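Chemist: Chains A and B, in that order, are what the protein sequence lines are. Just so you know, we're using this note's numbering here: the first sequence kicks off at 1 and counts up by one. Just so you know, we're using this note's numbering here: the second sequence kicks off at 1 and counts up by one. First the structure, which I've put down as structure tokens, then a few questions once you've had a look.
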Amino acid sequence: MGFLSKIAVRSPWLYRINAGSCNGCDVELATTAFIPRFDVERLGCKYCGSPRHADIVFITGPLTLRVKDQALRVWNEIPEPKITIAVGVCPVSGGVFRGGHSIEGPVDRYIPVDINVPGCPPRPQAIMEGVILARELWLRRLEKLEAGGGERRAALS
Amino acid sequence: MQESGVYITLAGWAIFHLLVFPGGLFALGIGLFLKGADRKLEARLQRRVGPPLYQPFLDLIKLSGKEAMIPASAQRLLFRIAPLLGFTGMAVCAALLPVPGVYAGLPDMGDMLVYFYLLPLPAVALILAGSSSSSPFGALGFSREMTVMFAYEIPLLLVILAVALHVGGGRGAEFSLGRIVEHQLEHGQLGFNWELIPAFLAYLFFLPGTMGVPPFDIPEAETEIIEGPLLEYSGAALAFFQMAGAIKTVVVLGFGVALFFPGTLPGGPLVNILWFLGKCLALMFLTMTLVKAATGRFRVDQAFAFYLRYPTALAAVSLILVLARL
């Protein structure tokens, strides 16, 4: 079974949640990290349109009041086991929007963030390193799941 | 007593054809390999490295271990049946597929009309999935799928008629796929026959439409209606859709090879399996990978108009030429 986990983590499907980002990090995610120069498809990654298909989820933005409920709802629709990566400085601290009247962040008040990729916006190399770290974390979780058996959600949190 | 023995042998062979070769394992393996080659070639066209060739196998293993969710407001029974419907339909199609020089198909069952009815099954499965998932995007996707499906089935029917009448040669139409292959091995391949070249071109146009690759990926447009009917599927159910898609790739490509280029090479079955695979790969590169890497996406009305104009006209030209010679 450990063998199957090692195979499974070689097919991470990515999904993006924009939680009130200025779009800088999104542009960086959508284009820079996925052009020929940095191609993450060689790691088996693929962007999927539906949260139900995702394994690794990127969250960008400081989590504004207006998108909070929707962002949390979409995050809850991603099947376990999932890895959450916060991209940019906004999910960590609010960034330039810190202290704004509509800012509900930081994101980890509501969502257990696994990996932070700080930067405004982060460099493509940093985003790719985040994906690689996420794969390792995912593997550790799958192994823990196998060892523990039984309760999926409990073992994952 | 002897008769029942014959029937048992026949049933045994039918099960073998359905589960091992050319249906089941063989078709699934080749289909996943073709899908992987498609992703790799597309990446190379865009000067990327791309995923490994066996990536679709990894995806399937990953999906089988994921949590499978069913939306609370979905039609549960239909939602569960839909992926199996597409998969079984394609598995049966693959079992009837002739691999020239290796396997002649089932001459009394492998009929082109059977294909005409079974080929839309994955699309029907998508329609069921979209309508039972209770998601507005699913509903949008299924209405688009129905529109596009009606458009691309018409050229397919004309192509089938043209080939059947040509092979029948005045004695009526010949719909058996096995006999069509036999006829071509004796009288030359139809892809080199000037009467049927327009039909072959129409079939090339039909391929990207039925496989739902850009510019005809309208029902599953992931950037506008977030994968439409597949939106609510996760885990093993999604894996079944992927497997159905992989087998469908082999079936539609193999059907094209059987209709137009079933030539064989001297040598054993292994050489001919590789030759078949090579022809499938070439056909896929021409009609799916190149097109996908180079185009955007049509609107649904544009795709509809496109299919009713060019491929239908091409197939109709072939049909008229064939009829004129009878």
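Backbone N, C-alpha and C fix where the C-beta goes; we use that ideal spot for every residue, glycine too. As the structure is a computational prediction, the values presented were derived from the model and not from experiment.
1) For residue 43(B), which three-state DSSP category applies?
2) Under 7 Å, CB to CB, which of the residues in the segment 36-49 of chain B have a partner in chain A?
3) Contact criterion: CB-CB distance below 8 Å. Does residue 75(B) meet it with respect to chain A?
4) What three-state label does DSSP hand residue 14(A) in the structure shown?
5) When you compare the CB of residue 223(B) with every CB in chain A, is at least one pair closer than 8 Å?
6) For the alpha helix (DSSP H) containing residue 76(A), name the first residue and the last one.
7) Step through the CB atoms of chain A and report whether any lies within less than 8 Å of the CB of residue 51(B).
8) Kindly list, in the order they appear in chain A, the residues whose Cβ is closer than 9 Å to that of residue 145(B).
9) For the beta strand (DSSP E) that residue 210(B) lies in, which residues bound it at each end?
10) Along the chain, where does the alpha helix (DSSP H) containing residue 250(B) start, and where does it finish?
11) Compare the C-beta of residue 50(A) against all C-beta atoms of chain B and say whether one is closer than 8 Å.
12) Anyone know if the C-beta pair for residue 98(B) and residue 199(B) falls short of 8 Å?
13) Measure from the alpha carbon of residue 381(B) to the alpha carbon of each residue in 22(B), 9(B) and 46(B), then state which is nearest.
14) Check whether chain B comes within 8 Å of residue 80(A), counting only Cβ atoms and requiring the distance to be less than that.
15) Using a threshold of 7 Å, is the CB atom of residue 23(B) nearer than that to any non-hydrogen atom of the ligand SAH?
16) Looking at the secondary structure, which residues open and close the alpha helix (DSSP H) in which residue 88(B) lies?
17) Roughly how many angstroms separate the alpha carbons of residue 30(A) and residue 24(A), rounded to a whole number?
18) What residue ranges within the segment 52-121 of chain A form continuous alpha helix (DSSP H) runs of no fewer than 4 residues, ordered along the chain?
19) Of the choices 316(B), 4(B) and 61(B), whose alpha-carbon is the least far from that of residue 242(B)?
20) Can you tell me where the alpha helix (DSSP H) holding residue 272(B) begins and where it ends?
21) Pull up the distance between the alpha-carbon of residue 126(B) and that of residue 100(A), whole angstroms please.
22) Short of 7 Å in beta carbon distance, which residues of its chain neighbour residue 18(A), apart from the five on each side in sequence? Order them along the chain.
23) Would you verify that the beta carbon of residue 11(A) is, or is not, closer than 8 Å to some beta carbon of chain B?
24) Measuring CB atoms only, is the segment 165-177 of chain B touching the segment 274-288 of chain B, in the sense that at least three cross pairs come out at less than 8 Å?
25) Check whether the segment 250-257 of chain B touches the segment 63-78 of chain A, counting contact only when three or more Cβ pairs, one atom from each stretch, lie closer than 8 Å.
26) So is residue 53(A) in contact with chain B if we call contact Cβ pairs under 8 Å?
27) Within 10 Å of its beta-carbon, does residue 6(A) have 16 or more other beta-carbons around it, so buried, or fewer, so exposed?
28) Shorter than 8 Å from the beta carbon of residue 279(B) to some beta carbon of chain A?
29) Going along the segment 227-238 of chain B in order, which residues come within less than 8 Å of chain A, judged by CB to CB distance?
30) Check whether the Cβ atoms of residue 158(B) and residue 111(B) sit closer than 8 Å, and answer yes or no.
31) At a Cβ threshold of 8 Å, is residue 104(A) touching chain B?
32) Quick one: Cα of residue 309(B) to Cα of residue 21(B), how far?
33) Answer yes or no: do residue 20(A) and residue 63(A) have a C-beta to C-beta separation smaller than 8 Å?
34) What residue range is occupied by the uninterrupted alpha helix (DSSP H) comprising residue 138(B)?
35) Kindly indicate the opening and closing residues of the alpha helix (DSSP H) around residue 374(B).
36) Using beta-carbon positions only, say whether residue 144(B) and residue 83(B) come within less than 8 Å of one another.
Modeler: The relevant details are as follows:
1) helix
2) 43, 46, 47, 48 and 49
3) no
4) strand
5) yes
6) 68-76
7) yes
8) Neighbours of residue 145(B) on chain A: none; closest Cβ ~16 Å, over 9 Å.
9) Looking at the DSSP string, residue 210(B) is not in any beta strand (DSSP E); the run it does join, the alpha helix (DSSP H), is 197-211.
10) 235-260
11) yes
12) no
13) Residue 381(B) is absent from the model: chain B starts at 1 and stops at 326.
14) yes
15) Looking at this structure, you won't find the ligand SAH or any other ligand, since it has none at all.
16) 76-95
17) 10 Å
18) 68-76 and 90-93
19) 61(B)
20) 269-284
21) 45 Å
22) 26, 60 and 61
23) yes
24) no
25) no
26) yes
27) exposed
28) no
29) 227, 230, 231, 232, 233, 234, 235 and 238
30) no
31) no
32) 38 Å
33) yes
34) 136-168
35) The displayed coordinates of chain B run from 1 to 326. Any statement about residue 374(B) would go beyond what the structure contains.
36) no
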